[in-house]
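In my numbering, the protein residues as written are 6 to 423.
See below:
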């Protein structure tokens, strides 16, 4: 096994797994850290955690446990994968987890690369952009759990970690791997523990991947995965069969949307014009134990249409603020997650085999409720969003990070069924 990836949420795990497969690495995604050794025929293993917004100590413990398991499997390099919008607070969890992983590996230096240009996430002079907007001016400013109000990756990393961060600017990156490696050495000699790297096109990520070859730990979004995968080319074999194992089959399908991102709002609005749709009532979630049965019955009566029915808690920023003010942000979020969990189990028992899910938290709830241990990685629906199929071949999931995909994502995902 060549590469071990620790992902801080489930959509992020499928995101990076898809890029690794597309770039030639036979990849298996696991749900959580196994409690025992698993015999896996793969070049890379991605461990999905739910550590993005949990308490810092829990995120550290889960991430270090994943690292230790990957070390036992013989992985030669490790990758801490977080969101391309650097979802975190001034207290973590990205900085503290990175500190803990470096300490466990006995290393003192790593790179920080959230960029994913194909999806509009770029870093320029150390500032993170979402398409043409600074991160702090984008819809992420209103994220209910990790509101992003600063766009400087250097400042964000310094605020939540134990070390200081240097910057490799785009002028150096464009000079290629040798110049990047030299700048790494200079910044490390100056006492920096992390190096934030500029990247706003794919060629930058390829060069950065080559420069990161000697680093025991790299951290970033999924964009860097393509460059990292190219470092292992001489060790890779044909994996067309592995890709085939992840293809979804035509079967009863449901769409869940728990994300309130700008793009998911657009995707839900577009999909509602052609498919049966059910808006979750937060008050009913909190007040009625029978509400899950009501939603379940509605889904079952709408399974046979041209398009899968969608159940959604997606709302715009203004509506979300009203809901959180009336019911409390944590209480309303937990109620919706519990509803999705109950529905997942009930619908799967009733024969639903394909789940299309928008939102990292919702994807984690669905995956854990299905008790799936791992996935084969299938075709990409949109950059960073592949279909994945359970190792036993019984279930297929499309787990979408909130802002990924275009307006027609939910319908297009259903065109892949064989």
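Quick reminder that beta carbons are idealized off the backbone N, C-alpha and C, glycines included.
Please classify residue i: is it buried, with 16 or more other beta-carbons within 10 angstroms of its beta-carbon, or exposed?
{"i": "residue 144", "result": "buried"}
{"i": "residue 82", "result": "buried"}
{"i": "residue 358", "result": "buried"}
{"i": "residue 309", "result": "exposed"}
{"i": "residue 196", "result": "exposed"}
{"i": "residue 327", "result": "exposed"}
Would you tell me roughly how many angstroms separate the C-alpha atoms of residue i and residue j, rounded to the nearest one?
{"i": "residue 299", "j": "residue 350", "result": "14 Å"}
{"i": "residue 218", "j": "residue 103", "result": "18 Å"}
{"i": "residue 222", "j": "residue 112", "result": "8 Å"}
{"i": "residue 169", "j": "residue 12", "result": "23 Å"}
{"i": "residue 253", "j": "residue 191", "result": "48 Å"}
{"i": "residue 128", "j": "residue 89", "result": "10 Å"}
{"i": "residue 420", "j": "residue 193", "result": "49 Å"}
{"i": "residue 5", "j": "residue 322", "result": "With the chain covering 6 to 423 only, the question about residue 5 has no answer from this structure."}
{"i": "residue 285", "j": "residue 163", "result": "39 Å"}
{"i": "residue 411", "j": "residue 72", "result": "34 Å"}
{"i": "residue 95", "j": "residue 45", "result": "37 Å"}
{"i": "residue 301", "j": "residue 189", "result": "54 Å"}
{"i": "residue 334", "j": "residue 47", "result": "41 Å"}
{"i": "residue 29", "j": "residue 150", "result": "35 Å"}
{"i": "residue 352", "j": "residue 415", "result": "19 Å"}
{"i": "residue 287", "j": "residue 235", "result": "46 Å"}
In chain order, what residues of the same chain have a beta carbon less than 8 Å from the beta carbon of residue i, not counting five sequence neighbours either side?
{"i": "residue 131", "result": "157, 158, 159, 172, 174, 201, 203"}
{"i": "residue 79", "result": "6"}
{"i": "residue 423", "result": "252, 253, 254, 255"}
{"i": "residue 110", "result": "72, 83, 221, 222"}
{"i": "residue 125", "result": "134, 135, 136"}
Under three-state DSSP, which class holds residue i?
{"i": "residue 204", "result": "strand"}
{"i": "residue 296", "result": "helix"}
{"i": "residue 144", "result": "helix"}
{"i": "residue 213", "result": "helix"}
{"i": "residue 9", "result": "strand"}
{"i": "residue 357", "result": "coil"}
{"i": "residue 175", "result": "helix"}
Leaving out the 5 sequence neighbours to the left and right, which residues in its chain are closer than 7 Å to residue i when beta-carbon positions are compared?
{"i": "residue 305", "result": "355"}
{"i": "residue 178", "result": "185, 202, 203, 204, 209, 212, 213"}
{"i": "residue 155", "result": "141, 161"}
{"i": "residue 182", "result": "212, 215, 216"}
Is residue i near the ligand GDP, judged by its Cβ being under 7 Å from some heavy atom?
{"i": "residue 217", "result": "No copy of the ligand GDP occurs in the structure displayed, which carries no ligand at all."}
message: Within 8 Å, do at least three Cβ pairs link the segment 262-274 to the segment 45-60?
response: Under the Cβ criterion (8 Å, minimum of three pairs), the segment 45-60 does not count as touching the segment 262-274.
query: Should the segment 268-286 be called in touch with the segment 375-395, which here means at least 3 C-beta pairs below 8 Å?
result: Output reads no: the segment 375-395 does not touch the segment 268-286.
message: Pairs of beta-carbons, one from the segment 223-231 and one from the segment 116-126, closer than 8 Å: are there three or more?
response: Cβ pair count under 8 Å is three or more, so yes.
- prompt: Just checking, does the segment 227-235 make contact with the segment 74-89 on the three C-beta pairs under 8 Å criterion?
  reply: Yes, the segment 227-235 touches the segment 74-89.
Three-pair Cβ contact test at 8 Å for the segment 383-391 versus the segment 331-344: Too few Cβ pairs lie closer than 8 Å, so no.
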